[in-house]
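In this note's numbering, the protein residues as written are 21 to 308.
So this is what it looks like as structure tokens:
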């Protein structure tokens, strides 16, 4: 499921990038994607569990705020930068989750997971290194900062989901958490660009991209809340950086875009990064 999520994530970002290029704001995208998430995650209610008391509702509420923060950072990053730059940067979450699990979760991680996280991070650095020629340095820096902020929010999100899910069960904590996400996102309503959404092409891109983002979230959150092992899940999930580079490049070559101008040396450097991330994925899987 994490591998599937990595592909869905990039496909969703590519659709949403086309929408943001046409003027759709991150707030509109966040609202749509989070309403989809609230709907899709409702299906997990039928799995049952222990319903949180009123005094315990702060836990899913806090996780929901972290998710929304991660979503806003993600959509701001792709609004101001290229998917091939933003997607690999989200992979820094791999090492963040490993560290947070040790500090917050009290989990002792196998050495292989630490090595895998290090390799994945090195691979991500190589992929990112080739992006300096795309766009202005100011926008590149803003994209990196937004992606890092998103990664930080999602790292805390993953660790808290893994820590608190056993107490309530997947069928209670997760649906309630995403109902909070949907309700909190109503706060973006004043900034929804209803006029732009009347354009059929933009509406399809926003609704389709938002749905794919919600589906990838389902794959990741269900896996972590049901099986735990957030560190290994995120190493596999870091493959989205590779899909972000390759799919963005292929689509740009076909339909136009900044990634179409990538030279041979840049592609070879990104291939080296892809190889490191692939090795990290294999190492994480074998360590289980």
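Quick reminder that beta carbons are idealized off the backbone N, C-alpha and C, glycines included.
Alpha carbon to alpha carbon, what distance is there between residue 140 and residue 299?
8 Å
Integer Cβ distance of residue 33 from residue 98, believed to fall under 8 Å:
5 Å
Taking just the CA atoms, how far does residue 203 sit from residue 80?
So the two alpha carbons sit approximately 12 Å from each other.
Cα separation between residue 205 and residue 162?
23 Å
For residue 89 and residue 197, I'd like the C-alpha separation in whole angstroms.
14 Å
Rounded to whole angstroms, what's the CA-CA distance from residue 21 to residue 39? Just pull it up for me.
Going by the C-alpha atoms only, they are around 27 Å apart.
The alpha helix (DSSP H) with residue 193 in it runs from where to where?
If you look at residue 193, you'll find it in the alpha helix (DSSP H) that goes 190 to 204.
Burial state of residue 74, where buried means 16 or more other Cβ atoms lie within 10 Å:
exposed
Taking all protein chains shown into account, decide if residue 70 is buried (16 or more other Cβ within 10 angstroms of its Cβ) or exposed.
exposed
Put residue 289 into one of helix, strand or coil per three-state DSSP.
helix
Work out the CA separation of residue 211 and residue 48 for me, nearest whole Å.
About 7 Å.
Counting only the same chain and skipping the five closest in sequence on each side, list residues whose C-beta sits under 7 Å from that of residue 135.
303
Do residue 232 and residue 77 come within 7 Å of each other at the CB atom, strictly closer than that value?
no
Decide if residue 72 is buried, meaning its Cβ has at least 16 other Cβ atoms within 10 Å, or exposed.
It is buried - the Cβ of residue 72 has at least 16 other Cβ atoms within 10 Å.
Which residue wins for smallest C-alpha separation from residue 241, given the options 100, 222, 57, 292?
57
Anticipated Cβ contact below 8 Å, residue 230 with residue 173, distance rounded
Going by Cβ atoms, the distance from residue 230 to residue 173 rounds to 18 Å, so no, they are not a contact pair.
How would you write the range of the alpha helix (DSSP H) that residue 55 sits in, first residue to last?
Element bounds for residue 55: 46 to 60.
Who are the near neighbours of residue 35 in its chain, counting only those whose CB is closer than 6 Å to its CB and skipping five residues on each side?
225, 228, 229
On the criterion of 16 or more Cβ atoms from any shown chain inside 10 Å, does residue 68 qualify as buried, or is it exposed?
exposed
Separation of residue 129 from residue 41, as counted between CA atoms
41 Å
Can you tell which of 25, 144, 180, 145 has its C-alpha closest to the C-alpha of residue 85?
Looking from the CA of residue 85, the closest CA among 25, 144, 180, 145 belongs to 180.
Check for me: the alpha helix (DSSP H) holding residue 211 runs from which residue to which?
Run containing residue 211: none; DSSP gives neither H nor E here.
From residue 292 to residue 142, what distance separates their C-alpha atoms?
CA-CA distance, residue 292 to residue 142, rounds to 10 Å.
Among 199, 245, 213, nearest to residue 59 - alpha-carbon criterion:
199
Neighbourhood of residue 295 by C-beta distance below 6 Å, restricted to the same chain and skipping five residues each side:
none
Spatial neighbours of residue 237 within its chain, please: CB distance less than 7 Å, with the 5 preceding and 5 following residues excluded, ordered by chain position.
Hits under 7 Å: 57.
Determine the direct distance from the alpha carbon of residue 244 to that of residue 178, and round the result to whole angstroms.
7 Å
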